[in-house]
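Enquirer:
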Amino acid sequence: MVEGADKKSNRLGVNLSPVVRLSRLIFGLMLVLALGFGGGWLGARSYNHGQPTTTNVQKQIVLSESQLISDIAKDVGPSVVSVDVKTQVKAPDIVGLSVPSTQEAAGTGFIISTNGIIVTNRHVVPAGTSSVSVTLADGTRYDNVQVLGRTSASSSQDVAFLKIGDLKGKKLTLATLGNSAKMQVGDKVVAIGNALGQFQNTVTSGIISGFGRDVVAGDSASGSTENLNDLFQTDAAINEGNSGGPLVNINGEVIGINTAIAGGAQNIGFAIPINDVKGLINGVLSSGKLQQPFLGVRYVSLTDDLAAQYGLSVKRGAYIVPSTDGQESVVAGSPAQKAGLKEKDIITRVDNIAINDKTSLTSALSRFKVDETVSLTVVRDGQTITLKATLVAAPEQ
Numbered sequence: 001m002v003e004g005a006d007k008k009s010n011r012l013g014v015n016l017s018p019v020v021r022l023s024r025l026i027f028g029l030m031l032v033l034a035l036g037f038g039g040g041w042l043g044a045r046s047y048n049h050g051q052p053t054t055t056n057v058q059k060q061i062v063l064s065e066s067q068l069i070s071d072i073a074k075d076v077g078p079s080v081v082s083v084d085v086k087t088q089v090k091a092p093d094i095v096g097l098s099v100p101s102t103q104e105a106a107g108t109g110f111i112i113s114t115n116g117i118i119v120t121n122r123h124v125v126p127a128g129t130s131s132v133s134v135t136l137a138d139g140t141r142y143d144n145v146q147v148l149g150r151t152s153a154s155s156s157q158d159v160a161f162l163k164i165g166d167l168k169g170k171k172l173t174l175a176t177l178g179n180s181a182k183m184q185v186g187d188k189v190v191a192i193g194n195a196l197g198q199f200q201n202t203v204t205s206g207i208i209s210g211f212g213r214d215v216v217a218g219d220s221a222s223g224s225t226e227n228l229n230d231l232f233q234t235d236a237a238i239n240e241g242n243s244g245g246p247l248v249n250i251n252g253e254v255i256g257i258n259t260a261i262a263g264g265a266q267n268i269g270f271a272i273p274i275n276d277v278k279g280l281i282n283g284v285l286s287s288g289k290l291q292q293p294f295l296g297v298r299y300v301s302l303t304d305d306l307a308a309q310y311g312l313s314v315k316r317g318a319y320i321v322p323s324t325d326g327q328e329s330v331v332a333g334s335p336a337q338k339a340g341l342k343e344k345d346i347i348t349r350v351d352n353i354a355i356n357d358k359t360s361l362t363s364a365l366s367r368f369k370v371d372e373t374v375s376l377t378v379v380r381d382g383q384t385i386t387l388k389a390t391l392v393a394a395p396e397q
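The numbering used here puts the sequence shown at residues 1 to 397.
Here you go:
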């Protein structure tokens, strides 16, 4: 099962559908990694009768990779914070009556602005959060932390933003954001987080082992679930408490936000690609508040099977499903309606972003800010047309 990586929050019984199986081609993957990180020994190899020994080559590879990970940890670590949360919940007493109680939890975040704005997961600071404190890598603790905003419970983007109220003259180290679209399966990554809510800035390493993963994450206590889409899959160990922490590439750039783990497997973790939330980040940095861009369509992401089910020749894109049960395919008064979108349209691109196995329509839209105008490539009755839509802030529900 998939588990949210937050400590003590009871968000541990999380289900993954479908079940993901870990490839057993580990030896081959490690050999590829070894070759990729072996450049450091090429100019310094030792010879035995004119030839490099296997033992010396292996030592140099290990030393080169270890030094790389150490350098990444030193560069990125100061921008990573531990997040401690108190939440007001209702729990049954000994006679079954519901009474309020305080629940404590811990997660991770990373700093994105000099005035103390931090990115973390929505489930780290859920609705009902009464107080938040953060601790920097050097041990500095701040208790006056505000939740600037969190994505809605129905959003596939499990993201929230915090802000330290008074830095007391402290100069912060900012995380550098990378380009998650450049990541390939097999690329080396490092995860940093507050493991188990106790071990601050724990560093683990691995590779990107898949992308475009869709999981259903659930709360074992409440029984609620949420859909998370287009995630990176990684074998870098992500533990409880790591939620909201950075997944970084070999250049020390954040390319993902750690968010969930598969509890019934070995080292299967999931992270939100950073490109999918850059629009949200830019909006918060410019306005100081979280606004989710909203188009206003009800759609399914096409696969071969769904395309066959609906009798479509287009195999990838966002298919605006026909209205059923009184639910609108295109929300009245929304940017989608104003742009001229109709049910059974297939949106295949948003600006230059293709809607496919790796990127859903929601993920593509999340890269833009509220009030931005986007170009939509649409297939309608076999013809390709282009429509313009100006995104607005998503409604509360």
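C-beta: ideal position from N, C-alpha, C; glycine also.
Could you compute how far the alpha carbon of V392 sits from the alpha carbon of D143?
Expert: 34 Å
Enquirer: Which stretch, first to last residue, makes up the alpha helix (DSSP H) that contains K278?
Expert: 278 to 287
Enquirer: Can you give me the C-alpha to C-alpha distance between N275 and G288, rounded to a whole angstrom?
Expert: Approximately 19 Å, taken between the alpha carbons.
Enquirer: Looking only at C-alpha atoms, which of L285, Q200, V215, R349 sits nearest to I261?
Expert: V215
Enquirer: In the structure shown, what three-state DSSP assignment does M30 receive?
Expert: Model confidence at M30 stands at a pLDDT of 34, short of 50, so the residue's coordinates are unreliable; what they give is reported in the following sentence. The three-state reading of DSSP puts M30 in helix, counting H, G and I together.
Enquirer: Would you give the residue range spanned by the beta strand (DSSP E) that L148 belongs to?
Expert: 145 to 150
Enquirer: Could you check what DSSP says for T140 in three-state terms: helix, strand or coil?
Expert: coil
Enquirer: Could you work out which residue in D138, Q88, I69 is closest to S130 when comparing CA atoms only?
Expert: Q88
Enquirer: Would you call the stretch 321 to 329 in contact with the stretch 277 to 293, where contact means no fewer than 3 C-beta pairs closer than 8 Å?
Expert: no
Enquirer: In this structure, what does DSSP give as the bridge partners for K84?
Expert: The question names Lys, but residue 84 is Asp in the sequence shown. Bridge partners of D84: A106, S133.
Enquirer: Who are the Cβ neighbours of S82 in its own chain at under 7 Å, not counting the five residues just before and after it?
Expert: A106, T108, V134, T135, N194, Q200
Enquirer: Could you pull out every residue in the same chain whose Cβ sits closer than 8 Å to the Cβ of S334, ignoring the five residues on either side in sequence?
Expert: If we look at S334 and ignore the five residues flanking it on each side, its Cβ neighbours are F294, L295, G296, V297, V392.
Enquirer: Tell me the rounded alpha-carbon separation between S113 and V145.
Expert: 14 Å
Enquirer: If you count every other CB in all the chains shown that lies within 10 Å of the CB of D235, and 16 or more means buried, which is it?
Expert: buried
Enquirer: Give the secondary structure of G77 by DSSP, where H, G and I count as helix, E and B as strand, and everything else as coil.
Expert: helix
Enquirer: Measuring alpha carbon to alpha carbon, tell me which of V314, L280, K338, V300 ends up nearest P322.
Expert: For the set V314, L280, K338, V300, the Cα lying nearest the Cα of P322 is the one of V300.
Enquirer: Could you round the C-beta distance between V125 and V147 to whole angstroms and report it? I think they count as a contact, below 8 Å.
Expert: Yes, they are in contact, since the Cβ atoms of V125 and V147 sit about 5 Å apart, within 8 Å.
Enquirer: Note down, one range per segment and in chain order, each beta strand (DSSP E) of at least 3 residues found wholly within the stretch 321 to 382.
Expert: Given a length threshold of 3 residues, each whole run of the beta strand (DSSP E) inside the stretch 321 to 382 is given here in chain order: 346 to 350, 373 to 380.
Enquirer: Please list, in chain order, all residues of the same chain as M183 whose beta carbon is under 6 Å from its beta carbon, the five residues on each side excluded.
Expert: I208, I255
Enquirer: Just mark G165 as buried or exposed, buried being the case when its beta carbon has 16 or more other beta carbons within 10 Å.
Expert: exposed
Enquirer: To the nearest angstrom, how far is the alpha carbon of L387 from that of G212?
Expert: 26 Å
Enquirer: Cα-Cα, which of N227, L290, S205, Q67 is closest to S156?
Expert: Per the Cα distances, N227.
Enquirer: Under three-state DSSP, which class holds Q266?
Expert: coil
Enquirer: Buried or exposed for V119, going by 16 or more other Cβ atoms inside 10 Å?
Expert: buried
Enquirer: Determine the DSSP secondary structure at N115, reduced to helix, strand or coil.
Expert: coil
Enquirer: Measuring straight from C-alpha to C-alpha, what distance separates K344 and A318?
Expert: CA-CA distance, K344 to A318, rounds to 10 Å.
Enquirer: In the DSSP assignment, the alpha helix (DSSP H) including A307 goes from what residue to what residue?
Expert: Unbroken alpha helix (DSSP H) run through A307: 304 to 310.
Enquirer: If I measure Cβ to Cβ from A389 and keep anything under 8 Å in the same chain, skipping five residues before and after, which residues do I get?
Expert: L295, P335, A336, K338, A339, L341, T373, V374, L376
Enquirer: Could you pull the start and end residues of the beta strand (DSSP E) that V248 belongs to?
Expert: 246 to 248
Enquirer: With DSSP collapsed to three states, give me the class of R213.
Expert: strand
Enquirer: Short of 6 Å in beta carbon distance, which residues of its chain neighbour R150, apart from the five on each side in sequence? Order them along the chain.
Expert: Closer than 6 Å at Cβ, skipping near neighbours: R122, A160.
Enquirer: So G252 and V80 are in contact, right, with Cβ under 8 Å, and what is the actual spacing, rounded?
Expert: Wrong, their Cβ atoms sit about 12 Å apart, outside the cutoff.
Enquirer: Got a sec? Which residues, its chain only, sit under 7 Å from G50 by beta carbon, not counting five neighbours each side?
Expert: Here the model assigns G50 a pLDDT of 49, short of 50, so the residue's position is not dependable and the matter cannot be decided.
Enquirer: Using a Cβ-Cβ cut-off of 8 Å (strictly less than) and excluding sequence neighbours within five positions of A354, which residues of its own chain qualify?
Expert: R316, T348
Enquirer: Closest to E240 by CA distance: which of V370, G128, T102, N267 is it?
Expert: For E240, the nearest C-alpha among the options comes from N267.
Enquirer: Using three-state DSSP, classify S205 as helix, strand or coil.
Expert: If DSSP states are grouped into helix, strand and coil, S205 belongs with the strands.
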